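Everything on this sheet refers to the single structure shown next.
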Amino acid sequence: MEREERGGYDRFQFRPGADLDDDGCDTRSEVLNRDTLDPAGGACPVLAGSWRSAYDGLVVTDLRAVEIDHVVSLKEAWDSGAWSWTSAQRVAFANDLIDVRTLRAVTAGTNQAKGDRDPSN
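Counting in the working numbering, the sequence shown runs from 3 upward without gaps.
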């Protein structure tokens, strides 16, 4: 268990929203395409769709009302040991598309209410 580190956090050290597979889709678009209720071919950038928010169950069709949540926030990861990771490890964590539990399409309100808190809170 890593000690909790409370200083030096900067979310951009994680490069959230990167296009790690160089397919022209950033992480946000990849998650929106993966989680859409009405698949439309996976275009990037995503221009329309509908999504069921993972936290409150609301169906959202306004892209401005959908955010991509890091279930374990980048700040929580930093505090729990990501401060000691390599840059590549932080980028991989922030843009993990392999485990569907790590990044979730949610309503902006629920994401902002959750903030940087630990998922157990």
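We put the beta carbon where it would ideally sit given N, CA and C, even for glycine.
This one's a predicted model, so the numbers in the text were calculated from it and none came from an experiment.
Helix, strand or coil: which one does DSSP assign to residue i?
{"i": "Ala2", "result": "As displayed, the chain neither begins before 3 nor continues past 123, which places residue 2 out of reach and without an answer."}
{"i": "Arg66", "result": "helix"}
{"i": "Arg54", "result": "strand"}
Less than 9 Å separating the beta-carbons of residue i and residue j?
{"i": "Ala94", "j": "Val33", "result": "no"}
{"i": "Ala67", "j": "Ala110", "result": "yes"}
{"i": "Pro41", "j": "Ser31", "result": "no"}
{"i": "Asn97", "j": "Gly19", "result": "yes"}
Counting along the chain, where does the beta strand (DSSP E) carrying residue i start and finish?
{"i": "Val93", "result": "No beta strand (DSSP E) contains Val93, which is instead part of the alpha helix (DSSP H) from Ser89 to Ala96."}
{"i": "Val48", "result": "Taken as a continuous stretch (DSSP letters only), Val48 belongs to no beta strand (DSSP E), as it is neither H nor E."}
Quick one: residues in its chain with C-beta nearer than 6 Å to the C-beta of residue i, no 5 flanking neighbours on either side, listed in chain order?
{"i": "Asp71", "result": "Arg106, Val108 and Asn113"}
{"i": "Gly44", "result": "Asn35"}
Who are the near neighbours of residue i in its chain, counting only those whose CB is closer than 8 Å to its CB and skipping five residues on each side?
{"i": "Val73", "result": "Arg103, Thr104, Leu105, Arg106 and Pro121"}
{"i": "Leu39", "result": "Gly51, Ser52, Trp53, Arg54 and Val61"}
{"i": "Arg2", "result": "The chain is shown from 3 up to 123; residue 2 falls before or after that span and cannot be answered."}
Check for me: the alpha helix (DSSP H) holding residue i runs from which residue to which?
{"i": "Pro37", "result": "Rather than Pro, the amino acid found at residue 37 in this sequence is Asp. Segment Thr29 to Asp37, the alpha helix (DSSP H) holding Asp37."}
{"i": "Asp81", "result": "Leu76 to Asp81"}
Take residue i and list the residues in its own chain whose beta-carbon comes closer than 7 Å to its own, dropping the five residues that flank it on each side.
{"i": "Asp58", "result": "Thr109 and Thr112"}
{"i": "Arg92", "result": "Gln15, Phe16 and Ala84"}
{"i": "Asp37", "result": "Trp53 and Ala107"}
{"i": "Asp28", "result": "Gly19, Ala20 and Asp21"}
Original post:
Given 8 Å as the limit, is there contact between the segment 9-16 and the segment 80-99, that is, 3 or more CB pairs closer than that?
Top reply: yes
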